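K.L.:
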Amino acid sequence: MGGGDVPFDPKGTTFIFAFQTLPMVIVISALSMLLFHLRILPIMVKGISWAMKKAMGIGGALGVCSGAKIFLGPNRGTPFN
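Residue 20 is where the sequence shown starts when you use our numbering, and the numbers rise one by one after that.
#1: Does the contact criterion of 3 or more C-beta pairs under 8 Å hold for the region 49-68 versus the region 78-91?
#2: Which class does Leu57 belong to by DSSP, given the choice of helix, strand or coil?
#3: Quick check: Gly76 and Ser68, are their CB atoms within less than 8 Å of each other?
#4: Do Leu60 and Ser51 count as a contact pair if the criterion is CB distance below 8 Å?
#5: Helix, strand or coil: which one does DSSP assign to Pro98?
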C-alpha cells in the first residue's frame with residue numbers, strides 16, 4: 020500500500036519565507052531606520068561614497084549598494100537598491 024507523502028520529507032522544499040528571508044528584511048529595515056533617525060546613516064553614506072570615489076571612481080548610492088552587495092551578498096543586499 021502506497022499511502023501519501025510524509026509531511027516532513029527531506030526531499031521537500033526547505034525554504035520557509037517567514038523564517039529565512041523575512042527576519043533579515045525586518046532587521047535591515049529597522050537598523051537603517053534607526054541609523055537614519057540618529058543621523059548616522061547620512062554620515063556613513065558620505066564616508067562610503069568618498070572611499071568608493073577615491074578607490075573606484077564611483078560615488079553616492081552606487082557605492083553604498085555595491086558595498087552592501089559585497090558584505091551582505093547578492094540576495095541579502097537587495098533592500099539597499
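Where a beta carbon is used, it is the ideal one built from N, C-alpha and C, also for glycine. All values reported here derive from a predicted model rather than from experimental measurement.
P.N.:
Let me lay it out:
#1: yes
#2: coil
#3: no
#4: yes
#5: helix
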